[in-house]
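Protein chains in written order, with the numbering used here: chain W, 876 to 1160; chain B, 876 to 1160.
Protein chains: 2
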Amino acid sequence: MAELLKGKPVADAILARCANQAEKLKEEHIIPVLAILRVGENEADISYEKGAGKRCAQAGVEVRNVILPADVSQEEFDETLQKLNEDDSVHGILMFRPLPRHLNSEKARNMIAPEKDVDGCTDGSLAGVFTNTRTGFAPCTAQAAVEILDYYGIEIKGKNVTVIGRSLVVGKPLALLLMNRNATVTVCHTRTKDVPAACQNADIVVAATGKMETVGAEYFHEGQTVIDVGISWNEEKGKLCGDVIFDEAEPIVRAITPVPGGVGSVTTSVLVSHVVEAAMRKAGF
Amino acid sequence: MAELLKGKPVADAILARCANQAEKLKEEHIIPVLAILRVGENEADISYEKGAGKRCAQAGVEVRNVILPADVSQEEFDETLQKLNEDDSVHGILMFRPLPRHLNSEKARNMIAPEKDVDGCTDGSLAGVFTNTRTGFAPCTAQAAVEILDYYGIEIKGKNVTVIGRSLVVGKPLALLLMNRNATVTVCHTRTKDVPAACQNADIVVAATGKMETVGAEYFHEGQTVIDVGISWNEEKGKLCGDVIFDEAEPIVRAITPVPGGVGSVTTSVLVSHVVEAAMRKAGF
C-alpha cells in the first residue's frame, strides 16, 4: 500500500502561508490583487476562474475579473492588457489561453509584464526558471509538483528523477526546477526508445504525458515516488484518471499522488502564492 | 581506435555555408556586421577577438571593434551598448564578460537586443532555446556540440544523451537543444550520486564539468560517442586537456572529440553563423 500524496493538505499549507504574508502586507496597507483576464465564455475558463476566486479569498487576495467579449478587437484587447500592466494596484495577471483565433496569442503571452506573470507564461518567466533567478514565476503546475514533494518531505537533492513529457508548461520547466534543486533529471518523451527503463532508473517518476492511463507496472519498482500530473476524463469508467495506471502502480511504489485530488488541486494555490509573492517583491520584502 | 571528431572540418563547413549566405545578402547590398564590445585589455578577450575576426573575414562578415577603457563609467557603457542596439548596420553584438566589477554585468547582459544577441546570453535567447523558437540565438558552445554531431552524421533523435554539467552556457542549453532534437537527455552534476552509471546508460556522453581529466574509463562502453567540451591548461603535462581522460576513453568508445581541436574550434564559427543568420532574419530571408 503506497502512501497517498494528497494535494489538499499541500494546498492548505500554501494558502495558510499566503494568508500570513497577506496579513503582513496589510500592515503596509497593501492588498495583493490578481486580475483575471478572460475573453469570451469558455466553460473551463469560467470554472477555473471560480476555483481561483475561492482560493484567493482564503488567502486575503483580491480578484478583479476582466471579461472581454469573444469578438473583441486586437486593439481593445491590447489596450486592456496594457492597462493591467500599468495599473499599480494589480500584482498578478492571469490570462486564459488559447485566446480566440482572431487574436494573437503569442504576442499577448509576452505582453504581460514579467513581474506580474504569476502564471509563468512569458519568456521572462521561462528564462527565470532557466537561470534560477527571481525573474517572473515558474509555471504553476510544474511548481505544484515540487510543492508536493517538499510538503511530504520527499528529498529531491541527489535523487534520480525521470520526467515523462517535455511540454512548455510542465515537462521542461519541471525538469529545470528539479535540476536547480540538485536532482539528476532525465526527460523522456514520445521519441524515447525505452521509457520504462528510464523510469526504472528513477527514485521519483513524474508522469506528464497527457495520455490517460498509459504508465503501468513495468515502469515502477519498490520504494519509488510517483507524481501524476495527468488528468483526463475516462468515458468508459465515468471518472477522472491520470497518466498513470493507478491500480498497477499503487501496490508497487512507496508513494503516489491520486487523480483527482493530487497535483491539480495544488496548482491554483501556487497561483495564489505567486500573487502574494509578486506583491511582496514589489513592496521590497 | 575511436574515430576522432575533429572540429576543423565542421568549422570550415559552417563558414562555407555562411560565405554562401553572405553572397546572397551582398546581392541585396547587405553586409553582415558583428560588433565586438570589449572593456579593458584582458588578454583572453583580445585573443578571442583576433580569432573571431579571422573567422568573420573568411565568411564575408565585417567586424567592428568597440573598445572602452577599463574605467569606463556605467553611463558611457550603457550609451555605447544602446547605440549598437539601435545601429541598423550592426547585426550581431558580442560583449566580453565578465565586465570590470564596477559595471553591472547582469544588466548589460539583458540590455543587448535579443535579435542581435549572437552569443546567446540574454534571457530572450535562453527563452528561445527553451521554447524551441527563433527568439535570439543558442549559446555558441552548446550549439557547437550539436553541429559536430550533425556534421559527422551521428544520430541524435531517439538516442540517450547524458550531459555532465548544468551551466547556463553549456549544460542546460545543450540539454534543451538535444531535447528539441528528440534525444532523451539526462543532466548530471556535482550532486549526482552515480555519474558513471548515468553515462553507461548513454549513447552519447557530453562532458562539460569544467574539471580537467576527471571523466575516465568507468564512464564509457563500446559504441558510444563522446563530446568533450572542457578545455584547461594542464601545468604538469604542459598542454591543453579536456574534461575527459582521453587516453582512457579513446580505446573504448566509437568516436570522441579531441582537445584541443574539438568543440572549442567550432564555437567561433557558430558565432559567425549567428551573425549571418541575424542579417538574414532582418532581411526577411
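Glycine residues also receive a C-beta, built at the ideal position from the N, C-alpha and C atoms.
query                                                                                                                                                                                             : result
Threshold first: 4 residues or longer. Then list the alpha helix (DSSP H) segments lying entirely within the region 986-1069 of chain B, N to C.                                                  : 998-1006, 1015-1026, 1046-1055
Taking C-beta to C-beta, are alanine 1083 of chain B and valine 1038 of chain B nearer than 8 Å?                                                                                                  : yes
Against chain B, does aspartate 994 of chain W count as a neighbour if the rule is that its beta carbon must be under 8 Å from one of theirs?                                                     : no
Starting from glycine 999 of chain B, find everything on chain W with Cβ-Cβ shorter than 8 Å and list it in chain order.                                                                          : Asp998, Ala1002
Look up asparagine 1114 of chain B in the DSSP assignment and give the residues it is bridged to.                                                                                                 : For the sequence presented, residue 1114 of chain B should be read as lysine rather than asparagine. Per DSSP, B:Asn1109.
Per DSSP, which one or two residues make a beta bridge with methionine 1101 of chain B?                                                                                                           : The amino acid occupying residue 1101 of chain B in the given sequence is valine; methionine does not appear at that position. Partner(s): B:Val1080, B:Ile1131.
How would you write the range of the alpha helix (DSSP H) that glutamate 937 of chain W sits in, first residue to last?                                                                           : Not the alpha helix (DSSP H): glutamate 937 of chain W falls in the beta strand (DSSP E), residues 937-943.
Find the nearest neighbour of alanine 927 of chain B within the set B:Ala1002, B:His1149, B:Ala945, B:Ala1154, judged by alpha-carbon distance.                                                   : B:His1149
How far does the beta strand (DSSP E) with isoleucine 968 of chain W in it reach, from first residue to last?                                                                                     : 967-970
When the cut-off is 8 Å and only beta carbons count, does phenylalanine 1012 of chain W lie next to chain B?                                                                                      : no
Can you pull the chain W neighbours of glycine 1033 of chain B, defined as C-beta to C-beta under 8 Å?                                                                                            : Arg1066, Thr1067, Lys1068
Closest Cβ-Cβ distance between cysteine 1063 of chain W and chain B: below 8 Å?                                                                                                                   : yes
Find the residues of chain W that neighbour lysine 1073 of chain B, judging by a C-beta separation of less than 9 Å, and give them in chain order.                                                : What sits at residue 1073 of chain B in the sequence shown is alanine, not lysine. The answer, in chain order, is Asn1035, Thr1059, Thr1061, Asn1076.
Give me, in chain order, the residues of the same chain whose beta-carbon lies closer than 8 Å to that of glutamate 1097 of chain B; leave out the 5 immediate sequence neighbours on both sides. : Ile1127, Val1128, Arg1129
When DSSP builds the beta bridges, which residues end up paired with alanine 910 of chain B?                                                                                                      : B:Arg939, B:Ile968
Measuring straight from C-alpha to C-alpha, what distance separates valine 1060 of chain B and threonine 1143 of chain B?                                                                         : 25 Å
Quick one: does methionine 1054 of chain B have its CB under 8 Å from some CB of chain W?                                                                                                         : yes
To which residues of the same chain is aspartate 920 of chain W closer than 8 Å at the C-beta, ignoring the five residues directly before and after it?                                           : Arg913, Phe971
List, in order along the chain, the chain B residues whose C-beta lies closer than 9 Å to that of phenylalanine 1005 of chain W?                                                                  : Asp998, Leu1001, Ala1002, Val1004, Phe1005, Leu1043, Lys1047, Pro1048, Leu1051
Should glycine 1159 of chain W go down as buried or exposed, given a rule of 16 or more other Cβ atoms within 10 Å for buried?                                                                    : exposed
Which of the three DSSP states is assigned to glutamate 878 of chain B in this structure?                                                                                                         : strand
Short of 6 Å in beta carbon distance, which residues of its chain neighbour valine 965 of chain B, apart from the five on each side in sequence? Order them along the chain.                      : Val908, Ala910, Leu959
With 16 as the cutoff for other CB atoms within 10 Å, does threonine 1008 of chain B come out buried or exposed?                                                                                  : exposed
Going straight from the alpha carbon of threonine 1067 of chain B to that of glycine 1046 of chain B, what length do you get?                                                                     : 14 Å
Just list the residues that DSSP pairs valine 1119 of chain W with in beta bridges.                                                                                                               : W:Val1090
Tell me which same chain residues have a C-beta within less than 6 Å of the C-beta of histidine 1064 of chain B, skipping the five on either side of it?                                          : Arg1041
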